[in-house]
Amino acid sequence: MTDRNFLLLAHTGRPASILAAARVAEELTRLGGVPVALDSQHPALSAESTVPVAQLDDGVAKADIELVICLGGDGTILKAAEVMRGENAAILGVNMGHVGFLAELEAEDLDATVARAFAKDYTVDLRMALDVVVEVGGNEVFSTWALNEASVEKLSRERMIEVVIGVDDRPISTFGCDGVLMATPTGSTAYSFSAGGPVVWPTVEALIMVPLSAHALFSRPLVTAPSSTLTVDLLERSGASGVLWCDGRRTHTLAPGSRVIARRSETPVRLARTHSGPFSERLVKKFSLPTEGWRGSST
Numbered sequence: 108m109t110d111r112n113f114l115l116l117a118h119t120g121r122p123a124s125i126l127a128a129a130r131v132a133e134e135l136t137r138l139g140g141v142p143v144a145l146d147s148q149h150p151a152l153s154a155e156s157t158v159p160v161a162q163l164d165d166g167v168a169k170a171d172i173e174l175v176i177c178l179g180g181d182g183t184i185l186k187a188a189e190v191m192r193g194e195n196a197a198i199l200g201v202n203m204g205h206v207g208f209l210a211e212l213e214a215e216d217l218d219a220t221v222a223r224a225f226a227k228d229y230t231v232d233l234r235m236a237l238d239v240v241v242e243v244g245g246n247e248v249f250s251t252w253a254l255n256e257a258s259v260e261k262l263s264r265e266r267m268i269e270v271v272i273g274v275d276d277r278p279i280s281t282f283g284c285d286g287v288l289m290a291t292p293t294g295s296t297a298y299s300f301s302a303g304g305p306v307v308w309p310t311v312e313a314l315i316m317v318p319l320s321a322h323a324l325f326s327r328p329l330v331t332a333p334s335s336t337l338t339v340d341l342l343e344r345s346g347a348s349g350v351l352w353c354d355g356r357r358t359h360t361l362a363p364g365s366r367v368i369a370r371r372s373e374t375p376v377r378l379a380r381t382h383s384g385p386f387s388e389r390l391v392k393k394f395s396l397p398t399e400g401w402r403g404s405s406t
């Protein structure tokens with residue numbers, strides 16, 4: 108019989124996340140599963156768990172992972188997406204942080220989470236990701252990807268960057284700014300939302316571009332087709348350097364004259380879902396929006 112391997116990722120900065128991961132490992136083992144940890148988290152998880160924990164890439168390959176269970180916030184889920192990039196295993200998030208918008212379950216659901224994960228009682232959403240390329244003088248110098256957003260930001264606090272934003276190889280506007288975001292629908296509720304971008308339902312296929320503190324008359328957020336190519340050019344005349352951040356995890360310094368290109372990736376991110384409620388329900392729950400007086404609300 109083939110082992111059923113479950114990769115556990117915890118927020119190592121929160122002791123409660125490690126303890127929760129140990130509890131999940133023990134329950135998975137009781138059910139007949141195999142808990143697996145990253146090499147960087149294996150010592151901490153093994154120290155708290157009363158059952159053996161396998162180590163990823165040391166007897167268990169990424170291709171052998173059935174499901175990833177994350178215990179932390181959105182950052183932990185983004186790390187899982189990075190670790191499992193291109194693999195078939197879906198990611199199931201248990202929120203141990205604050206908002207945890209990408210997480211499907213809360214900490215109090217831990218026992219039910221393990222039972223449902225082992226029973227394969229979940230669906231899988233394929234979430235659009237971005238392929239991101241940096242060019243200088245027409246030559247590619249860096250490439251990466253993002254689930255939430257790629258942000259082009261000023262490198263120096265004292266100097267804004269001057270950019271040309273474009274869609275499908277056509278310039279749209281030029282302005283000085285603190286930066287520009289290029290986001291997916293999944294990322295629309297993260298940095299993009301905080302910067303004044305629209306909330307885009309994850310079932311809508313689109314790309315989003317949001318200027319950050321732009322000094323311009325026309326600097327509104329844009330929503331484009333999923334097949335569009337988004338570009339941000341750092342003008343050399345400003346002499347200001349920038350920095351590219353993807354999901355707040357992968358970064359590259361941008362010299363004046365750099366071009367950042369973002370387009371839909373052919374490799375989506377697989378998120379496991381256990382709730383069938385509408386996306387609007389998640390918005391209300393995660394952002395604690397007031398609903399008093401809403402038609403049909405309970406009294």
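Sequential numbering of the sequence shown, starting at 108, is according to the working numbering. Heads up, the beta-carbon is just placed ideally off N, CA and C, and yes, glycines get one too. Because the structure is a prediction, the values reported are computed rather than measured.
Residue environment, residue i, which counts as buried when at least 16 other CB atoms sit within 10 Å
i	result
G349	buried
G403	Reliability fails at G403, whose pLDDT of 49 lies under 50, so the model's placement of it is uncertain and no value is given.
T293	buried
V317	buried
T324	The amino acid at residue 324 is misidentified as Thr; the sequence shows Leu. Exposed, because fewer than 16 other Cβ atoms sit within 10 Å of the Cβ of L324.
T406	Here the model assigns T406 a pLDDT of 33, short of 50, so the residue's position is not dependable and the matter cannot be decided.
G286	buried
F394	exposed
P142	buried
W401	Only weak support exists for where W401 lies, its pLDDT of 48 falling under 50; the coordinates are left without a value.
E388	exposed
K227	exposed
T157	exposed
Extent of the continuous beta strand (DSSP E) to which residue i belongs
i	result
A220	Sequence inspection shows Thr at residue 220; the Ala mentioned does not correspond to that position. T220 -> not in any beta strand (DSSP E); alpha helix (DSSP H) instead, spanning 217-225.
A369	365-371
L233	230-234
One or two residues paired with residue i in a DSSP bridge
i	result
F249	V241
D340	V271, R366
R357	C353
Where the alpha helix (DSSP H) containing residue i begins and where it ends
i	result
A129	122-138
A210	Premise fails: A210 is in no alpha helix (DSSP H) and is neither H nor E.
G97	Outside the shown range of the chain (108 to 406) lies residue 97, about which nothing can therefore be said.
H149	149-155
Beta-carbon spacing of residue i, residue j below 8 Å
i	j	result
S295	I315	yes
L57	A253	Outside the displayed span of the chain (108 to 406) sits residue 57, for which this structure offers no information.
S326	F282	yes
R111	T230	no
A144	L152	yes
F208	A302	no
M235	R137	no
L341	V270	yes
A407	G200	The question about residue 407 has no answer here: the residues shown for the chain are numbered 108 through 406.
F113	I198	no
Item checked: beta strand (DSSP E) runs contained entirely in the region 249-326, provided each spans 3 or more residues -> 256-261, 268-274, 277-284, 286-290, 314-319
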